[in-house]
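S.K.:
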Amino acid sequence: MHDTTALLIELGAIILGLGLIGRGAERVGLSPVPLYLLAGLAFGKGGVLPLEASEDFIAVGAEIGVILLLLLLGLEYSAGELVSSLRTQYPAGAVDFVLNALPGAAAALLLGWGPVAAVALAGVTWISSSGVIAKVLADLGRLGNRETPAVLGILVIEDLSMAVYLPLLTTLVAGVGLLAGGATLMIALGTVTVVLYLALRHGRHISRAVSSDNPEMLLLVVLGLALLVAGVAQRLQVSAAVGAFLVGIALSGEVAEDARKLLSPLRDLFAAVFFLFFGLSTVPSAIPPVLLPALLLAAVTALTKIYTGWYAAGRAHVGPRGRLRAGGALVARGEFSVVIAGLTVATEPRIGPFAAAYVLILVIVGPFAARWTQPAFHSLR
Numbered sequence: 013m014h015d016t017t018a019l020l021i022e023l024g025a026i027i028l029g030l031g032l033i034g035r036g037a038e039r040v041g042l043s044p045v046p047l048y049l050l051a052g053l054a055f056g057k058g059g060v061l062p063l064e065a066s067e068d069f070i071a072v073g074a075e076i077g078v079i080l081l082l083l084l085l086g087l088e089y090s091a092g093e094l095v096s097s098l099r100t101q102y103p104a105g106a107v108d109f110v111l112n113a114l115p116g117a118a119a120a121l122l123l124g125w126g127p128v129a130a131v132a133l134a135g136v137t138w139i140s141s142s143g144v145i146a147k148v149l150a151d152l153g154r155l156g157n158r159e160t161p162a163v164l165g166i167l168v169i170e171d172l173s174m175a176v177y178l179p180l181l182t183t184l185v186a187g188v189g190l191l192a193g194g195a196t197l198m199i200a201l202g203t204v205t206v207v208l209y210l211a212l213r214h215g216r217h218i219s220r221a222v223s224s225d226n227p228e229m230l231l232l233v234v235l236g237l238a239l240l241v242a243g244v245a246q247r248l249q250v251s252a253a254v255g256a257f258l259v260g261i262a263l264s265g266e267v268a269e270d271a272r273k274l275l276s277p278l279r280d281l282f283a284a285v286f287f288l289f290f291g292l293s294t295v296p297s298a299i300p301p302v303l304l305p306a307l308l309l310a311a312v313t314a315l316t317k318i319y320t321g322w323y324a325a326g327r328a329h330v331g332p333r334g335r336l337r338a339g340g341a342l343v344a345r346g347e348f349s350v351v352i353a354g355l356t357v358a359t360e361p362r363i364g365p366f367a368a369a370y371v372l373i374l375v376i377v378g379p380f381a382a383r384w385t386q387p388a389f390h391s392l393r
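In our numbering, the protein residues as written are 13 to 393.
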């Protein structure tokens, strides 16, 4: 009874605290992600008031948070939109990968962390935060701008690339042999191909099978299906997050829209728990030694993201002002950088505090970059 009481008290305080943090961040126009991370640092190992009773529950909640993040991301896109983005934006996607993944890999190798950490840090610096960027574009009233499709095209390619990247990283972290690693990657590629084919050819039938006029039934079916597929994917070492992402892609139309409305509050709750958990698992005293290199890497990759947006919008024949706005919008890193670091922290513990510092910097700088990159550039001319 005592353990249950302590668990309820801690969970109640945590959820209430996250709600107040998010509310405060919303009022000042900031993403709550850095504040969730800071809260985790404050109440984790080495923090001011370490949590004990709810640690296991928070770990499970964090896993669900990752699954819901990727599920909702998949629900945002139809298979047709993904294929169309790949056809039109793949040169910009290639530039994005080269300019933003290579600095992360190089930094890890220069710090002496080894090849697995290099692959992980490449992902941390490569993937922009879809959630933060979408919110910033909406807040700035830019969803209808000419450069916005180019920004969204880059994000779609990054998100789809996660379906290949995450299984590869999971395989490297697990330390399995070359043959087993190749088999896992082939399973991932095959699964993505099959799901895209089914979604393109038979998406209406899949959506009809899941559809329900009863919101409760729809919520239970979609959430249950996502968790089931995520678990099976993890058993196959493909990554639970990728399994959830593919479930989201397979659903389209009215079903996807209704599922987004029902699942968004759950996603926000468990995503907040995930960011908190990442902070809890990071020792605050480990951040100051990596703060300077994280700051340098953040500065470099902010500039490379700005050029990525400039190039992508230029391919869409957008003018210089719009190209600068596109570049500034892509600067923010967030949820997926933390997901990638979280997968690797058991193999290379130093990547946790480094990624936390890096994300804290760019998730704060990102909204300001989106707003001020174009005016600041033209004021210097």
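Each residue gets a CB set at the ideal place from its N, CA and C atoms; glycine is no exception.
Out of T137, E75, L292 and V222, which has the shortest C-alpha to C-alpha gap to G243?
M.R.: E75
S.K.: Evaluate Y370 with the Cβ neighbour count: other Cβ atoms within 10 Å of its Cβ, from every protein chain shown; 16 or more gives buried, anything less gives exposed.
M.R.: buried
S.K.: Using CA coordinates, which residue listed in F389, V357 and L342 is at the minimum distance from P379?
M.R.: Distance check between P379 and each of F389, V357 and L342 places L342 closest, using alpha-carbon atoms only.
S.K.: Are there 16 or more other CB atoms within 10 angstroms of the CB of A255, so buried, or fewer, so exposed?
M.R.: Strictly speaking, residue 255 in this sequence is Gly, with Ala absent from that position. Its Cβ being crowded by 16 or more others within 10 Å, G255 is buried.
S.K.: Quick check on N226: does DSSP put it in helix, strand or coil?
M.R.: coil
S.K.: Closest to A283 by C-alpha separation, out of G92, A18, D270 and S43, would be which residue?
M.R.: S43
S.K.: Measuring straight from C-alpha to C-alpha, what distance separates L309 and K147?
M.R.: 24 Å
S.K.: According to the Cβ coordinates, are G291 and L122 closer than 8 Å?
M.R.: no
S.K.: Which two residues bound the contiguous alpha helix (DSSP H) that contains A271?
M.R.: DSSP places A271 in the uninterrupted alpha helix (DSSP H) bounded by G265 to L292.
S.K.: Find out if the Cβ-Cβ distance for the pair E170, V330 is shorter than 8 Å.
M.R.: no
S.K.: Assign M13 to one of three DSSP states: helix, strand, or coil.
M.R.: For M13, the predicted structure reports a pLDDT of 46, less than 50, and the residue's modelled location is therefore unreliable. The matter cannot be settled from this model.
S.K.: Do S141 and R345 come within 8 Å of each other at the CB atom, strictly closer than that value?
M.R.: yes
S.K.: Grouping DSSP H, G and I as helix and E and B as strand, with all else coil, what is T359?
M.R.: coil
S.K.: Please state the DSSP three-state secondary structure of P301.
M.R.: helix
S.K.: Quick one: is K273 buried, meaning 16 or more other Cβ sit within 10 Å of its Cβ, or exposed?
M.R.: exposed
S.K.: Applying the criterion that 16 or more other CB atoms from any shown protein chain within 10 Å of the CB defines a buried residue, is L372 buried or exposed?
M.R.: Burial of L372 is indicated by the presence of at least 16 other C-beta atoms within 10 angstroms of its C-beta.
S.K.: Should N112 go down as buried or exposed, given a rule of 16 or more other Cβ atoms within 10 Å for buried?
M.R.: buried
S.K.: F287 to T294, Cα distance in whole Å?
M.R.: 11 Å
S.K.: Please report the distance separating the alpha-carbon of V168 from that of F257.
M.R.: For the pair V168 and F257, the Cα-to-Cα distance works out to about 12 Å.
S.K.: Thinking C-alpha only, which one of A388, P361 and Q246 is nearest I299?
M.R.: P361
S.K.: Which same chain residues, not among the five before or five after L278, have their C-beta less than 7 Å away from its C-beta?
M.R.: L80
S.K.: Looking only at its chain, what residues have a beta carbon closer than 6 Å to the beta carbon of L46, apart from the 5 residues adjacent to it on each side?
M.R.: For the record, residue 46 in the displayed sequence is Pro; it is not Leu. For P46, where only same-chain residues beyond five positions count, the Cβ hits under 6 Å are L372, V375 and I376.
S.K.: How big is the Cα-Cα spacing for A175 and A130?
M.R.: 19 Å
S.K.: Would you call the CB atoms of V185 and V128 closer than 8 Å?
M.R.: Yes; because the gap between Cβ atoms is below 8 Å, this pair is in contact.
S.K.: Out of W384, A382, T385 and P365, point me to the one whose CA is closest to L53's CA.
M.R.: Of the listed residues, the one whose Cα sits closest to L53 is P365.
S.K.: For R395, report the span of its alpha helix (DSSP H) as first-last.
M.R.: The requested residue 395 does not occur in the structure, where the chain is confined to residues 13 to 393.
S.K.: Count the other CB atoms within 10 Å of the CB of V40; is the residue buried (16 or more) or exposed (fewer)?
M.R.: By the neighbour-count rule (16 or more Cβ atoms within 10 Å), V40 is not buried but exposed.
S.K.: Please report the Cβ distance between A162 and A324, rounded to the nearest whole angstrom; I am assuming they are in contact, meaning their Cβ atoms lie under 8 Å.
M.R.: 4 Å
S.K.: Reducing DSSP to helix, strand and coil, say where N157 ends up.
M.R.: Three-state result, N157: coil.
S.K.: Return yes when the Cβ of G321 is within less than 8 Å of the Cβ of R335, no when it is not.
M.R.: yes
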